[in-house]
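Structure first, then comments.
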Amino acid sequence: MERLPKNKYIGSSSTDRWDGIEKNVVFCDCKEYVSAFDLFFYHYNFKKISTQRSKQDFIRLRSKPVADILKNNTSSYTRYKKEMVIDNVKVDDKVCEIISEIMDESYTDIQILTHKLYSKGDDIKASKTIWMKKSGKEYSEAFAGTGEARIILLVNDIVNAQSNSLILIDEPEISLHPSAIYKFKEFLLQECLNKKHQIIITTHSTQLIKDFLREAVKLLVKNGEKVDVIENIDYQDAFFELGDVYHSRKMIYVEDRLAKYILEFVITHSGSENLKQNLVVRYIPGGANQIICNNILNSSYLDSDNHYFWLDGDQNTNVSESNNLMNYLENGVVISDKIPESDNKNLDDIIKLITGCPIKFNVSGNKGQKNNIELIAKQRSFIDYWAKYVSYLPFPTPEFFLANLCNSVDREGYDFSKDGNGKEYFRKKTQVALGIENITSEDIFQEQRRAVSKIQPESSMFQCIKEKLEALF
Numbered sequence: 036m037e038r039l040p041k042n043k044y045i046g047s048s049s050t051d052r053w054d055g056i057e058k059n060v061v062f063c064d065c066k067e068y069v070s071a072f073d074l075f076f077y078h079y080n081f082k083k084i085s086t087q088r089s090k091q092d093f094i095r096l097r098s099k100p101v102a103d104i105l106k107n108n109t110s111s112y113t114r115y116k117k118e119m120v121i122d123n124v125k126v127d128d129k130v131c132e133i134i135s136e137i138m139d140e141s142y143t144d145i146q147i148l149t150h151k152l153y154s155k156g157d158d159i160k161a162s163k164t165i166w167m168k169k170s171g172k173e174y175s176e177a178f179a180g181t182g183e184a185r186i187i188l189l190v191n192d193i194v195n196a197q198s199n200s201l202i203l204i205d206e207p208e209i210s211l212h213p214s215a216i217y218k219f220k221e222f223l224l225q226e227c228l229n230k231k232h233q234i235i236i237t238t239h240s241t242q243l244i245k246d247f248l249r250e251a252v253k254l255l256v257k258n259g260e261k262v263d264v265i266e267n268i269d270y271q272d273a274f275f276e277l278g279d280v281y282h283s284r285k286m287i288y289v290e291d292r293l294a295k296y297i298l299e300f301v302i303t304h305s306g307s308e309n310l311k312q313n314l315v316v317r318y319i320p321g322g323a324n325q326i327i328c329n330n331i332l333n334s335s336y337l338d339s340d341n342h343y344f345w346l347d348g349d350q351n352t353n354v355s356e357s358n359n360l361m362n363y364l365e366n367g368v369v370i371s372d373k374i375p376e377s378d379n380k381n382l383d384d385i386i387k388l389i390t391g392c393p394i395k396f397n398v399s400g401n402k403g404q405k406n407n408i409e410l411i412a413k414q415r416s417f418i419d420y421w422a423k424y425v426s427y428l429p430f431p432t433p434e435f436f437l438a439n440l441c442n443s444v445d446r447e448g449y450d451f452s453k454d455g456n457g458k459e460y461f462r463k464k465t466q467v468a469l470g471i472e473n474i475t476s477e478d479i480f481q482e483q484r485r486a487v488s489k490i491q492p493e494s495s496m497f498q499c500i501k502e503k504l505e506a507l508f
């Protein structure tokens with residue numbers, strides 16, 4: 036960020052940050068977009084009386100004044116000297132057109148009544164009744180789908196937001212069909228262009244984030260007691276954290292996007308249609324420990340049979356060379372059948388030797404005591420899952436491999452004695468290539484991508500990776 040000019044700090048307590056931007060904030064919590072009927076019928080603690088023995092009796096009684104207010108388009112209705120109507124508006128034609136497009140229906144009229152008629156007492160909460168006319172039929176939200184009512188309220192709030200607003204939307208995909216989610220996304224993008232909004236969405240929907248630019252996607256990853264924010268991530272690489280999987284193809288997960296790019300390069304140039312059609316490579320941000328303690332552990336619980344995790348070679352614990360694990364080995368990997376029950380007390384230590392980090396298993400318990408039978412079962416299952424689905428790339432790190440490859444091919448004579456991972460090599464190479472000092476991580480990645488093209492199909496490394504891929508089938 037550009038440093039503020041000297042003596043220009045008036046009105047700001049910071050000497051190196053610009054003042055915060057003032058924006059109108061519109062908060063759209065889609066879990067709160069519950070219609071008056073649903074709010075009363077499914078969330079209200081109803082107490083029956085002699086004239087109202089059920090919720091249905093109460094709704095029949097109160098729906099009459101609601102219908103009159105809607106029909107006469109009145110803005111006031113009192114009951115026991117208390118105002119029951121908060122707002123009564125007919126949405127404009129633009130909202131009807133947008134809802135029609137999203138829901139693939141034909142809405143000609145929509146009216147939103149905010150009122151307190153569907154509840155009792157002094158602490159009553161205002162709620163919304165939606166009256167709509169669609170394809171010649173008129174009905175209220177009581178006969179509409181939950182998603183239909185929510186999307187009407189959501190779109191109406193967004194359309195009526197003033198220009199240059201900050202719009203916060205929490206899980207807009209709730210109760211919407213996938214096709215409606217795609218169309219809602221198109222509506223949001225158009226509103227951003229037309230009214231210069233900044234829109235922030237929290238979502239678990241792959242349909243909603245699909246095709247977004249990587250700069251627009253932030254992935255929140257739980258890391259111990261903290262939550263890390265991973266930026267500049269491809270929407271497809273966020274799918275794993277969101278629980279979206281490919282059941283028909285084998286998934287290979289690696290530590291970073293450069294490793295992903297190298298594997299995809301080998302697959303593309305392998306000449307194998309089997310590899311091209313049946314493999315998907317994704318990377319999981321956060322580092323090896325994050326992948327081991329979260330993603331691999333969770334996959335072992337689910338016994339996922341199409342997830343493979345290829346960690347960088349510098350994470351290799353070389354179990355086949357460990358004297359402490361010698362008795363548990365079969366074909367170079369530790370398997371649980373080789374571990375006698377008498378060594379169950381050592382499973383934590385064995386797993387740490389295999390993975391290089393401690394693993395915390397979630398098990399049930401009673402009065403602070405863990406269920407040891409469940410713990411041992413999960414530990415042994417994890418060991419077998421690791422043996423079958425976790426392996427290592429044939430180089431310490433992608434950067435180190437490519438840096439040495441470029442240095443050799445281009446005969447640069449670079450000294451790696453003070454650059455053990457090749458990161459400094461690519462930083463300097465990118466600066467020279469672009470002719471500037473201040474470069475970004477994206478600039479460096481593009482330089483590394485160009486370096487990948489130097490991998491020759493007949494080279495030993497290319498063939499090693501190809502054989503490793505083919506061994507999955």
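Heads up: the sequence shown begins at 36 in the numbering used here, then just goes up one per residue.
Think of the CB as a built atom: it goes at the ideal place given N, C-alpha and C, for glycine as much as any other residue.
Quantities reported herein were computed from a predicted structural model and do not represent experimental measurements.
Cβ neighbours of GLU136 in the same chain (closer than 7 Å, five flanking residues each side left out): LYS218
Meets three-Cβ-pair contact criterion under 8 Å: the region 186 to 200 and the region 55 to 69: yes
Nonlocal neighbours in the same chain, by C-beta distance under 6 Å from GLY55, ignoring five residues either side: Cβ neighbours of GLY55 within its own chain (closer than 6 Å, five residues either side excluded): none.
Straight-line gap, ASN341 to PHE81 (C-alpha atoms, nearest Å): 50 Å
Separation of ALA161 from PHE178, as counted between CA atoms: 20 Å
DSSP beta-bridge partners of ASP347: According to DSSP, ASP347 bridges with nothing at all.
Cβ separation of VAL262 and ILE287, assumed to be a contact under 8 Å, to the nearest whole Å: The beta-carbon distance between VAL262 and ILE287, rounded to whole angstroms, is 26 Å. This is too long to meet the 8 Å contact definition.
Where the beta strand (DSSP E) containing CYS63 begins and where it ends: 60 to 64
Beta-bridge pairing of SER198 - partner residues as DSSP gives them: Partner(s): none; SER198 has no beta bridge.
Proximity of LYS220 and LEU243 at Cβ, strictly below 8 Å: Yes, the Cβ-Cβ distance between LYS220 and LEU243 is below 8 Å.
The region 231 to 248 contacting the region 169 to 183, beta-carbon criterion three pairs below 8 Å: At 8 Å Cβ cutoff, the stretches do not touch.
Counted within 10 angstroms of its Cβ, other Cβ atoms place ASP347 as buried (16 or more) or exposed: Its Cβ being crowded by 16 or more others within 10 Å, ASP347 is buried.
Three-state class that DSSP yields for TYR112 in the structure shown: coil
Three or more C-beta pairs below 8 Å linking the region 101 to 114 and the region 181 to 188: no
DSSP three-state assignment for ASP16, whether helix, strand or coil: In the structure as shown, the chain begins at 36 and stops at 508. Residue 16 is therefore absent and cannot be evaluated.
Of the residues TYR318, PRO429 and SER305, the one placed nearest ILE265, counting alpha carbons only: With distances taken between Cα atoms, ILE265 lies closest to TYR318.
Neighbourhood of MET36 by C-beta, 6 Å cutoff - its chain only, sequence neighbours within 5 removed: With a pLDDT of 41 at MET36, under the threshold of 50, the predicted position of this residue should be treated as unreliable, and no value is reported.
Under 8 Å between C-beta atoms of LEU440 and TRP345: no
Proximity of LEU148 and ASN107 at Cβ, strictly below 8 Å: Contact flag unset, no.
Where ILE45 sits in the DSSP three-state scheme: Confidence in ILE45 is poor, its pLDDT being 49 and thus under 50, which makes the residue's placement unreliable; the coordinate value appears in the next sentence. In the structure shown, ILE45 sits in coil (DSSP, three-state: anything other than H, G, I, E or B).
Chain D contact for LYS169 (CB, 8 Å cutoff): In the structure shown, chain D cannot be found, because there is only a single protein chain.
Host beta strand (DSSP E) of LYS168 (start-end): 162 to 169
Where the beta strand (DSSP E) through TYR427 begins and ends: 425 to 427
Any 3 or more C-beta pairs closer than 8 Å across the region 357 to 371 and the region 445 to 465: no
Helix, strand or coil at MET361 [DSSP, three-state]: helix
Beta-ladder partner(s) of ASP127, from DSSP: In DSSP, ASP127 forms no bridge with anything.
Of the residues TYR142, SER141, LEU152 and ILE94, the one placed nearest VAL120, counting alpha carbons only: LEU152
Own chain, CB closer than 7 Å to ILE45, minus 5 neighbours either side, in chain order: Any answer about ILE45 is weak, because its pLDDT of 49 lies below 50 and its placement is not dependable; what the coordinates show is given next. No residues qualify anywhere along the chain.
TYR174: first and last residue of the uninterrupted beta strand (DSSP E) it sits in: 172 to 175
From ASN397, ILE411 and SER399, residue whose alpha carbon lies closest to that of SER377: ILE411
Whole-number beta carbon distance between GLN466 and GLU459, since they are thought to touch under 8 Å: With a Cβ gap of about 11 Å, GLU459 and GLN466 do not count as contacting.
Cut-off 6 Å between Cβ atoms - residues of its own chain near ILE386, not counting five sequence neighbours on either side: ILE394
HIS483, buried or exposed, once every other Cβ within 10 Å from all chains shown has been counted against 16: Going by the sequence as given, residue 483 is Gln instead of His. Result: buried.
Contact belief for GLN350 with GLY391 at Cβ below 8 Å, rounded distance in angstroms: About 6 Å separates the two Cβ atoms, so the contact holds.
Start and end residues, beta strand (DSSP E) containing THR352: Where THR352 is concerned, there is no enclosing beta strand (DSSP E), given that its DSSP letter is neither H nor E.
Rounded C-alpha distance that separates THR181 from SER210: Taking the straight line joining both Cα atoms gives about 6 Å.
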